[in-house]
Amino acid sequence: MSRRLFIGLMGAAAVVALTGPAVAQNYPTKPITMIVPFAAGGPTDALARVIGQKMSEKLGQQIVVDNAAGAGGTIGVAKAARGAPDGYTVLFTHMGTLAVNIALYKSLPYDSQKDLVPVGLAGTNPMVLVTKKGFPAKDFKEFKDYVAANQKKVQYGMAGIGAASHLGGLMLNSMMKVEVLEIPYKGTGPALNDLVAGQFDYMVDQAVNVLAQIQAGNIKPLGVSTKKRLAQLPDVPTIDESGLPGYEVTIWNGLFAPKGTPEAIVTKLNAVLGEVLADEAVRKRLMDLAVDLPTKEEATPAALGAQLKASIDKWVPAVKAAGVQPE
Ligand code: ASP
Numbered sequence: 004m005s006r007r008l009f010i011g012l013m014g015a016a017a018v019v020a021l022t023g024p025a026v027a028q029n030y031p032t033k034p035i036t037m038i039v040p041f042a043a044g045g046p047t048d049a050l051a052r053v054i055g056q057k058m059s060e061k062l063g064q065q066i067v068v069d070n071a072a073g074a075g076g077t078i079g080v081a082k083a084a085r086g087a088p089d090g091y092t093v094l095f096t097h098m099g100t101l102a103v104n105i106a107l108y109k110s111l112p113y114d115s116q117k118d119l120v121p122v123g124l125a126g127t128n129p130m131v132l133v134t135k136k137g138f139p140a141k142d143f144k145e146f147k148d149y150v151a152a153n154q155k156k157v158q159y160g161m162a163g164i165g166a167a168s169h170l171g172g173l174m175l176n177s178m179m180k181v182e183v184l185e186i187p188y189k190g191t192g193p194a195l196n197d198l199v200a201g202q203f204d205y206m207v208d209q210a211v212n213v214l215a216q217i218q219a220g221n222i223k224p225l226g227v228s229t230k231k232r233l234a235q236l237p238d239v240p241t242i243d244e245s246g247l248p249g250y251e252v253t254i255w256n257g258l259f260a261p262k263g264t265p266e267a268i269v270t271k272l273n274a275v276l277g278e279v280l281a282d283e284a285v286r287k288r289l290m291d292l293a294v295d296l297p298t299k300e301e302a303t304p305a306a307l308g309a310q311l312k313a314s315i316d317k318w319v320p321a322v323k324a325a326g327v328q329p330e
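The C-terminal position of the sequence shown is numbered 330 in the working numbering, with every residue numbered one higher than the one before it.
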């Protein structure tokens, strides 16, 4: 190697060494936009706001939530994937939008593994099958029989193709061998309002969103989506134990950034997310909402990347096997 080239390379290395940490040291110097691909008031939005608020206190800059909702979350994810990779656009989303919908759309406007970089896991959520208050079933068995006998008139709600509530509902319906009309919303926040008002019959949604309305007696919980019952709903059996063995759907949420976001910024955001999830008040709030918080090993950007891949490997074939045709 010539002396000049060697010195040139040294110079380049020094520049890289200076820009990486230097960028992160000053970052952030202005508000950060956190894209949430579902409507305000739903579970993804609620978790983003609890976590975003605390992250913003620690970062000393505002985090502005942008509810870019629609098309099962694909509109918001596409917006984030096209965002400037400078640390001022981040995405708070769930595995439905990044993994499940690969099986559900003929063509997606992004590649979740190539166009985004993982920042950190924010927790895993159980789901609950809830019906409107007046639904004529008092337990899962009666629910299943009623839906089977009334497929033409029963309606279930979900937050669009590829949403968590779609995955929960489509696996349920496929295992119950029923076909019912689906009512799409821009998020399960607005869907829940309509379920409380009795405008459709049932949905499967994250516990985060439905616990308060269950506790208020405004909707009926007929089964939980995990293999174990939830501490918050000890009297509600699992769907698995109630007559659909093998039914299990949990939804992880995570923070991502557009591909090309400097590694030093990703590392900083991951560290701040970790601090927020270690905060006693935040932990309590999230655990009360049945969110399973990540361990240290699960909390790294690489672990979230691996989690995403594992979810794609698990759910894409499972959804295809359920016989749902891509849109
Ligand atoms: N998490 C919900 C779903 O995917 C959507 C939402 O957050 O509103 O069904």
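Where is the CB? At the ideal position from N, CA and C, for every residue including glycine.
Distance CB(residue i)-CB(residue j) smaller than 8 Å
i       : j       : result
Val-120 : Lys-262 : yes
Ser-115 : Leu-124 : no
Asp-69  : Met-37  : yes
Ile-222 : Gly-99  : no
Ser-168 : Met-178 : no
Leu-50  : Pro-31  : no
Leu-173 : Ala-325 : yes
Gly-192 : Asp-48  : yes
Lys-109 : Pro-297 : no
Leu-214 : Ala-293 : yes
Val-93  : Ala-260 : yes
Gly-201 : Lys-155 : no
Ser-228 : Gly-171 : yes
Gly-190 : Ala-42  : yes
Val-122 : Asn-273 : yes
Asp-204 : Val-157 : yes
Asn-212 : Leu-236 : no
Leu-175 : Val-322 : no
Residue i: CB within 7 Å of a non-hydrogen atom of ligand 1
i       : result
Gly-257 : no
Met-37  : no
Asp-295 : no
Gly-246 : no
Gln-209 : yes
Ala-125 : no
Asp-142 : no
Ser-177 : no
Pro-129 : no
Asp-48  : yes
Ala-162 : yes
Thr-333 : Residue 333 is absent from the model: the chain starts at 4 and stops at 330.
Ala-166 : yes
Phe-41  : yes
Gly-99  : yes
Gly-79  : no
Gly-331 : Nothing about residue 331 can be reported from this structure: the residues present for the chain run from 4 to 330 only.
Same chain only: Cβ atoms within 6 Å of residue i, ignoring 5 sequence neighbours per side
i       : result
Ala-140 : Phe-146, Tyr-149
Pro-265 : Val-26
Asn-153 : none
Residue of the options minimising C-alpha distance to residue i
i       : options                            : result
Ala-234 : Ala-106, Pro-31, Pro-129           : Pro-129
Val-275 : Gln-216, Gln-202, Glu-60           : Glu-60
Ile-164 : Lys-135, Leu-195, Ile-78, Ala-25   : Ile-78
Asn-29  : Leu-184, Ile-268, Val-122, Arg-286 : Ile-268
Pro-34  : Gln-64, Arg-52, Glu-283            : Gln-64
Ala-72  : Glu-301, Val-53, Ala-210, Pro-40   : Pro-40
Ala-166 : Lys-287, Gly-137, Ile-105          : Ile-105
Leu-184 : Ala-305, Tyr-159, Gly-190, Leu-289 : Tyr-159
Thr-303 : Leu-258, Gln-216, Ser-314, Lys-117 : Leu-258
Pro-46  : Gly-137, Lys-117, Asp-208          : Asp-208
Gly-137 : Lys-323, Gly-75, Ser-314, Leu-198  : Leu-198
Lys-180 : Gly-75, Ala-151, Gly-220, Arg-232  : Ala-151
Asp-291 : Tyr-188, Lys-271, Gly-126          : Gly-126
Pro-187 : Ile-315, Ala-74, Gly-277           : Ala-74
Cut-off 7 Å between Cβ atoms - residues of its own chain near residue i, not counting five sequence neighbours on either side
i       : result
Gly-246 : Phe-143, Lys-144, Lys-147
Asp-243 : Lys-230, Gly-249, Tyr-250, Glu-251
Lys-57  : Val-279, Asp-282, Val-285
Pro-112 : Thr-77, Ala-81
Gly-86  : Thr-92, Pro-261
Beta-carbon contacts of residue i that lie in its chain and below 8 Å, excluding the five residues immediately before and after
i       : result
Gly-55  : Met-37, Ile-66, Val-68, Phe-95
Arg-288 : Val-53
Leu-311 : Met-98, Leu-101, Ala-102, Ser-115, Gln-116, Pro-121, Gly-257
Residue-chain proximity (residue i, chain B), Cβ-Cβ < 8 Å
i       : result
Glu-266 : Going by chain labels, chain B is absent from the structure shown, which holds only one protein chain.
Worksheet entry | beta strand (DSSP E) runs contained entirely in the region 72-119, provided each spans 3 or more residues | 92-97
Worksheet item: Hey, which unbroken runs of the beta strand (DSSP E) at 3 residues or more fall wholly within the region 184-223?
Response: 184-187, 205-209
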